[in-house]
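Chemist: Residue numbers (UniProt numbering), protein chains in the order written: chain A, 1 to 514; chain B, 1 to 243; chain C, 1 to 286.
Think of the CB as a built atom: it goes at the ideal place given N, C-alpha and C, for glycine as much as any other residue.
I'd like to ask you about the structure that follows.
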């Protein structure tokens with residue numbers, strides 16, 4: 001009933017800088033320790049011929065079939081739009097029941113599986129079809145929306161609830177109080193997630209959906225860099241222009257168009273092997289046949305040969321990547337702000353951040369592997385640049401939103417001093433919180449390390465699907481999900497400890513400016 | 001039963017946040033049918049007391065918190081409608097967000113006339129003035145249609161003439177009412193019983209007929225003296241009462 | 001909660017799971033050049049439509065695993081598989097049958113290639129100098145890029161690749177393997193010989209930087225595999241009609257898509273060695 005506790009706030013604020021520093025030192029310390037254990041090696045390479053071809057391809061993009069390109073762009077948007085349109089209401093519904101542990105665990109576990117793996121799972125059930133693509137995006141997104149929406153609701157004033165009848169059902173209560181109260185935040189977060197959905201949709205092309213990623217992966221894989229360049233540029237343009245073409249009034253039209261644009265499903269009629277998949281395929285043979293000792297052997301083998309080593313490598317790389325991401329943010333965000341780079345000079349910075357966050361990590365990892373050979377190093381660099389670019393973009397937006405507001409003073413310092421004394425201290429708590437949010441994303445994305453010969457959990461999951469061993473895939477995915485639930489709760493605790501929960505309202509209002 | 005039943009009862013109730021005592025051994029009985037005014041300087045513990053009372057009988061109470069509890073993006077109509085949500089099924093309530101239900105539209109249309117808001121019915125409340133917002137909050141409390149009204153300074157931002165009329169209306173529509181006020185005259189004119197609080201204690205609990213404005217003022221002056229001596233004269237209402 | 005459940009059911013039902021009218025569907029992943037699949041194999045579909053008298057469609061897939069899944073789910077009835085993926089698919093779909101293989105697939109082989117800076121020289125046998133080098137396979141499910149090279153490496157060194165080499169990666173594609181070894185990102189790699197020859201011809205390979213150091217013995221690779229139940233769906237004798245149509249595919253532009261000079265008959269038994277190899281290195285469970 002009591003809305004504030006001033007004394008508590010006084011105690012907390014006295015030491016919040018110290019707590020923040022403590023958390024950072026802990027994270028950096030862990031990362032330094034991880035460097036000893038992680039697989040980071042530098043190999044002599046001679047990449048210039050290949051890099052030259054990549055550079056030329058990017059500068060001189062070429063694409064001969066405009067229709068195919070348009071179709072791919074259209075379908076990328078269609079999958080993203082429909083998936084978001086379905087997952088937002090579902091996430092909203094789940095967020096209303098987020099106080100139940102079961103709902104929280106369910107959401108954390110669907111979030112923890114990478115879209116690509118969802119795609120592979122649904123492909124077993126729905127074939128290569130529009131349903132597979134939609135579900136692969138909307139299932140994890142529903143989990144994300146539920147969590148974030150629930151957090152937004154938590155931040156709303158409790159007063160309206162007191163004026164309601166005490167035993168209203170959750171749906172009515174939320175729809176008339178929390179939802180309208182949080183509406184601006186919900187809308188801008190959804191906008192931001194739409195950009196993420198476009199990325200996911202494009203990347204699902206890697207496993208066969210007819211989106212941009214389908215052609216991009218082929219072209220890149222086969223060294224047709226001019227084509228790859230054209231597709232990458234098309235994708236960057238698509239993302240950069242979101243604010244020009246996403247208009248609330250046009251959304252119904254877009255949705256209809258999207259349904260129409262969804263690819264036809266060729267030759268799929270039997271509804272898949274759903275039952276067989278969940279009752280047989282995902283369990284080891286020994287277990288299905290009731291051979292307990294055989295099953296134990298199997299689990300023992302998996303645990304010692306794949307789960308444990310995978311877990312260790314995943315955690316080590318994630319930790320290093322996390323800290324490196326922080327460094328990248330601190331280096332990159334001022335380049336894109338009005339207050340430090342200037343009204344015009346921030347555009348190159350913003351462009352750089354756009355490129356970093358929109359280029360699939362797999363491609364970044366490949367380029368870095370050419371530069372320093374196969375090891376954890378290119379993986380860490382790719383993850384850090386991609387995620388650092390994304391968070392730096394959010395942080396720069398927050399800075400721009402404040403620029404010229406009542407918080408700024410004419411006697412504020414400029415340049416480096418401004419960076420050190422005004423901007424960074426102000427952005428730091430929110431930045432740290434974003435970083436914690438991305439932690440689980442970085443964990444998931446470690447699946448890209450296969451090309452680098454680094455056996456993370458994602459590597460083993462990918463192998464299991466390739467070898468049609470769904471029992472292994474299922475076990476490994478379950479372990480990943482569990483790890484994610486743990487990391488999620490740990491990062492929530494750290495956020496609370498450091499009191500770095502960013503005012504989402506603020507984050508979102510800056511997103512709206514974009 | 002010759003005497004009406006007891007509705008709210010507190011015996012030796014204390015409440016503290018850390019070292020800070022908000023309520024200090026409060027004992028209180030309020031019967032059905034009573035109209036009670038709650039007076040006292042900011043930070044005396046009135047809001048906390050009202051919330052405690054609310055928790056005793058949430059099923060019968062229409063509470064009007066100090067902030068009003070309005071939902072900014074919703075229209076005046078929807079904000080008042082919220083008071084009647086328990087009388088509507090889930091699906092009609094959903095539908096009502098898109099198209100107002102005819103019956104409620106009529107009832108609320110009549111209600112806003114009493115409130116003097118008829119031309120604002122479809123405006124979102126974030127565009128309203130403080131007084132208008134408070135009238136919407138009163139509308140919601142009335143639309144709850146409960147026997148008991150608990151109001152935390154429900155008419156503080158409304159001009160005096162209209163404040164008096166609306167307070168009268170609120171009291172007429174509810175069998176029992178406990179209302180915190182700043183305006184001593186209003187309390188004396190419209191309530192049978194007056195409770196004065198200071199520093200988390202009840203320092204006076206008497207029938208209105210036995211009190212006068214002068215004797216009420218005395219309580220406030222003592223309080224003002226103590227608050228001006230207090231270096232932390234923060235706007236937060238809890239900050240004052242640390243003695 | 002019941003309301004929530006109803007909503008979920010509604011949404012899931014409304015998802016488009018459009019079933020198409022019964023047509024004969026096939027898929028194919030060529031070992032080289034995966035671009036413009038739809039256009040290139042659309043022509044093959046047209047040819048088969050003409051020969052078989054039913055509508056034939058092509059769907060492009062990205063990986064052997066996806067092709068196997070589609071085959072198992074009966075989303076495709078005919079597939080151009082690699083040696084290993086064909087074995088895996090036929091295990092999952094009882095009654096399915098290898099119909100034809102490429103002429104070249106009767107005696108397919110893989111190359112072990114090395115960056116010239118390693119100083120590794122071409123040889124008739126695997127050299128011990130390979131030990132401790134960094135090594136990349138192609139895709140995890142590839143016969144020529146993984147299965148057979150891994151088999152011969154294990155046979156020669158008596159150890160798993162991870163124990164032989166300093167690092168083992170999976171490039172995901174033969175072209176990638178070549179590019180990575182050429183750039184020195186990996187020192188040694190295993191590659192499909194046909195892709196190597198093609199890229200060499202196209203001038204994508206700089207012989208001063210990367211060279212073939214060993215060639216595997218030959219083995220059977222790509223083949224057409226058809227589901228066992230097609231006769232029931234498309235009429236008796238359909239399977240044989242498909243086989244005949246494949247063997248009679250002579251037009252160079254059709255064959256260039258695979259790329260093969262012609263197709264010759266094949267049977268499940270031809271792939272016994274592949275299956276045994278896959279078992280031997282633990283890629284297939286018993």
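Quick one: is residue 81 of chain B near chain A, going by C-beta distance under 9 Å?
Modeler: Indexing the second chain from 1 puts residue 81 of chain B at position 81. Yes - at least one Cβ of chain A is within 9 Å of the one on residue 81 of chain B.
Chemist: On the CB-based measure, 16 or more other CB atoms within 10 Å of its CB, does residue 73 of chain C come out buried or exposed?
Modeler: Stepping through the third chain from its first residue, residue 73 of chain C is reached at position 73. That one is buried.
Chemist: Alpha carbon to alpha carbon, what distance is there between residue 63 of chain A and residue 53 of chain A?
Modeler: Residue numbering aside, residue 53 of chain A sits at position 53 when the first chain is read from its first letter. Residue numbering aside, residue 63 of chain A sits at position 63 when the first chain is read from its first letter. Cα to Cα, the separation comes out at about 16 Å.
Chemist: What I want to know is whether the C-beta of residue 29 of chain A ends up closer than 8 Å to one or more non-hydrogen atoms of the ligand MN.
Modeler: Questions concerning the ligand MN fall outside what the structure shown contains, since it holds no ligand whatsoever.
Chemist: On the DSSP bridge list, what partners appear for residue 68 of chain B?
Modeler: Counting from 1 along the second chain, the entry for residue 68 of chain B is found at position 68. Answer is none; residue 68 of chain B lacks a bridge partner.
Chemist: Could you name the residues of chain A that residue 140 of chain B contacts, counting a contact when the two beta carbons are closer than 8 Å?
Modeler: As a first step, residue 140 of chain B is located in the second chain; it is residue number 140 there, counting from the start. Result: 163.
Chemist: Going by DSSP in three states, residue 29 of chain C sits in which element: helix, strand or coil?
Modeler: The residue given as residue 29 of chain C occupies position 29 in the third chain. Residue state, collapsed to three classes: coil.
Chemist: When the Cα of residue 182 of chain B is compared with those of B:166, B:155 and B:206, which residue comes out closest?
Modeler: One-based indexing of the second chain puts residue 182 of chain B at position 182. Among B:166, B:155 and B:206, the Cα nearest to that of residue 182 of chain B is on B:155.
Chemist: Which of the three DSSP states, helix, strand or coil, is assigned to residue 178 of chain B?
Modeler: Taking the first residue of the second chain as 1, we reach residue 178 of chain B at position 178. Residue 178 of chain B falls in the strand class under three-state DSSP.
Chemist: With H, G and I counted as helix, E and B as strand and the rest as coil, what does DSSP make of residue 208 of chain C?
Modeler: Here the question's residue 208 of chain C lines up with position 208 in the third chain. Correct three-state label for residue 208 of chain C: coil.
Chemist: Just checking: is the beta-carbon of residue 381 of chain A within a distance shorter than 9 Å of some beta-carbon in chain C?
Modeler: Locating residue 381 of chain A in the first chain gives position 381, where the first residue counts as 1. Chain C contact via Cβ: absent.
Chemist: Just by C-beta distance, which residues in the segment 124-153 of chain A are closer than 8 Å to chain C?
Modeler: Correct list: 124, 126, 127, 128, 129, 130, 131, 134 and 135.
Chemist: Would you mind giving the Cβ-Cβ distance between residue 77 of chain A and residue 216 of chain A, rounded to the nearest angstrom? I have them listed as a contact below 8 Å.
Modeler: As a first step, residue 77 of chain A is located in the first chain; it is residue number 77 there, counting from the start. As a first step, residue 216 of chain A is located in the first chain; it is residue number 216 there, counting from the start. Not really, about 15 Å apart at Cβ, beyond 8 Å.
Chemist: DSSP state of residue 113 of chain A, grouped into three classes?
Modeler: Position 113 of the first chain, counted from the first residue, corresponds to residue 113 of chain A. Correct three-state label for residue 113 of chain A: coil.
Chemist: Does the distance from the C-beta atom of residue 346 of chain A to that of residue 396 of chain A stay below 9 Å?
Modeler: Counted from its first residue, the first chain places residue 346 of chain A at position 346. Counted from its first residue, the first chain places residue 396 of chain A at position 396. Yes, the pair counts as a contact, with Cβ atoms nearer than the cut-off.
Chemist: Once the 5 residues before and after residue 35 of chain A are set aside, which same chain residues still bring their CB inside 7 Å of it?
Modeler: Counting from 1 along the first chain, the entry for residue 35 of chain A is found at position 35. Counting only Cβ-Cβ distances below 7 Å, and skipping sequence neighbours, we find 320.
Chemist: Going residue by residue through the segment 169-203 of chain C, where are the continuous alpha helix (DSSP H) segments of at least 4 residues, counting only ones entirely within it?
Modeler: DSSP runs (the alpha helix (DSSP H)) wholly in the segment 169-203 of chain C: 174-182 and 193-201.
Chemist: Quick one: Cα of residue 227 of chain C to Cα of residue 150 of chain A, how far?
Modeler: Position 227 of the third chain, counted from the first residue, corresponds to residue 227 of chain C. Position 150 of the first chain, counted from the first residue, corresponds to residue 150 of chain A. Each residue's alpha carbon lies about 49 Å from the other.
Chemist: Are residue 432 of chain A and residue 23 of chain A closer than 9 Å when you measure CB to CB?
Modeler: Sequence index remark: in the first chain, residue 432 of chain A carries index 432 (1-based). Sequence index remark: in the first chain, residue 23 of chain A carries index 23 (1-based). Yes, the Cβ-Cβ distance between residue 432 of chain A and residue 23 of chain A is below 9 Å.
Chemist: Which value, in whole angstroms, describes the spacing of the CA atoms of residue 336 of chain A and residue 301 of chain A?
Modeler: One-based indexing of the first chain puts residue 336 of chain A at position 336. One-based indexing of the first chain puts residue 301 of chain A at position 301. Answer to the nearest angstrom: the Cα atoms are 50 Å apart.
Chemist: Check each candidate in B:66, B:4 and B:45 and name the one with the smallest Cα separation from residue 151 of chain B.
Modeler: Along the second chain, read from residue 1 onward, the residue named residue 151 of chain B stands at position 151. The shortest Cα separation from residue 151 of chain B among B:66, B:4 and B:45 belongs to B:66.
Chemist: Rounded to whole angstroms, what is the Cα-Cα separation between residue 304 of chain A and residue 478 of chain A?
Modeler: Taking the first residue of the first chain as position 1, residue 304 of chain A is located at position 304. Taking the first residue of the first chain as position 1, residue 478 of chain A is located at position 478. Approximately 16 Å between the Cα atoms of the pair.
Chemist: Helix, strand or coil: which one does DSSP assign to residue 519 of chain A?
Modeler: Nothing about residue 519 of chain A can be reported from this structure: the residues present for chain A run from 1 to 514 only.
Chemist: Are at least three pairs of beta-carbons, each pair with one atom in the segment 461-474 of chain A and one in the segment 58-65 of chain C, less than 8 Å apart?
Modeler: Contact holds: three or more Cβ-Cβ distances are below 8 Å.
Chemist: Tell me whether residue 212 of chain B is buried or exposed, calling it buried when 16 or more other Cβ atoms sit within 10 Å of its Cβ.
Modeler: Locating residue 212 of chain B in the second chain gives position 212, where the first residue counts as 1. It is exposed - the Cβ of residue 212 of chain B has fewer than 16 other Cβ atoms within 10 Å.
Chemist: May I ask you to list the residues that DSSP assigns as paired with residue 205 of chain B?
Modeler: Here residue 205 of chain B refers to the residue found at position 205 of the second chain. DSSP, once it has assigned bridges, lists B:195 as partnering residue 205 of chain B.
Chemist: Identify whether residue 131 of chain C lies in helix, strand or coil by the three-state DSSP scheme.
Modeler: In the third chain, residue 131 of chain C corresponds to position 131, counting from 1. Residue 131 of chain C: coil per DSSP, three-state reduction.
Chemist: For residue 94 of chain A, which residues of its own chain have a beta-carbon under 7 Å away from its beta-carbon, when the five flanking residues on both sides are left out?
Modeler: For the purposes of this step, residue 94 of chain A is taken as the residue at position 94 of the first chain. These residues qualify, in order along the chain: 103, 107, 142 and 146.
Chemist: What residues from chain C crowd round residue 206 of chain A, counting only those whose CB sits closer than 7 Å?
Modeler: For the purposes of this step, residue 206 of chain A is identified with residue 206 of the first chain, where counting begins at 1. Within chain C, the residues near residue 206 of chain A are 62.
Chemist: In whole angstroms, what separates the C-alpha of residue 80 of chain B from that of residue 230 of chain A?
Modeler: Counting from 1 along the second chain, the entry for residue 80 of chain B is found at position 80. Counting from 1 along the first chain, the entry for residue 230 of chain A is found at position 230. Cα to Cα, residue 80 of chain B sits roughly 56 Å from residue 230 of chain A.
Chemist: Pull up the distance between the alpha-carbon of residue 281 of chain A and that of residue 79 of chain C, whole angstroms please.
Modeler: By 1-based counting over the first chain, the position of residue 281 of chain A is 281. By 1-based counting over the third chain, the position of residue 79 of chain C is 79. Roughly 22 Å between the two C-alpha positions.
Chemist: Is residue 99 of chain C near residue 223 of chain C, with beta carbons less than 9 Å apart?
Modeler: Position 99 of the third chain, counted from the start, is the residue given in the question as residue 99 of chain C. Position 223 of the third chain, counted from the start, is the residue given in the question as residue 223 of chain C. A contact, by the Cβ cut-off of 9 Å.
Chemist: Spatial neighbours of residue 105 of chain C within its chain, please: CB distance less than 7 Å, with the 5 preceding and 5 following residues excluded, ordered by chain position.
Modeler: Counted from its first residue, the third chain places residue 105 of chain C at position 105. Closer than 7 Å at the Cβ level, and outside the excluded window around residue 105 of chain C, lie 220, 221, 222 and 223.
Chemist: Tell me whether the segment 7-18 of chain B and the segment 154-168 of chain B touch, counting them as touching only if at least three CB pairs, one residue from each stretch, are closer than 8 Å.
Modeler: Taking 8 Å as the limit for Cβ pairs, the verdict is that the segment 154-168 of chain B does not touch the segment 7-18 of chain B.
Chemist: Report yes or no: is there a C-beta of chain B within less than 9 Å of the C-beta of residue 191 of chain A?
Modeler: For this step, residue 191 of chain A is matched to residue 191 along the first chain. By this cut-off, residue 191 of chain A is not an interface position.
Chemist: Could you check how far apart the C-beta atoms of residue 196 of chain B and residue 39 of chain B are, in whole angstroms? I think they sit under 8 Å.
Modeler: Counting from 1 along the second chain, the entry for residue 196 of chain B is found at position 196. Counting from 1 along the second chain, the entry for residue 39 of chain B is found at position 39. Indeed, because the Cβ distance is near 5 Å, the residues count as touching under 8 Å.
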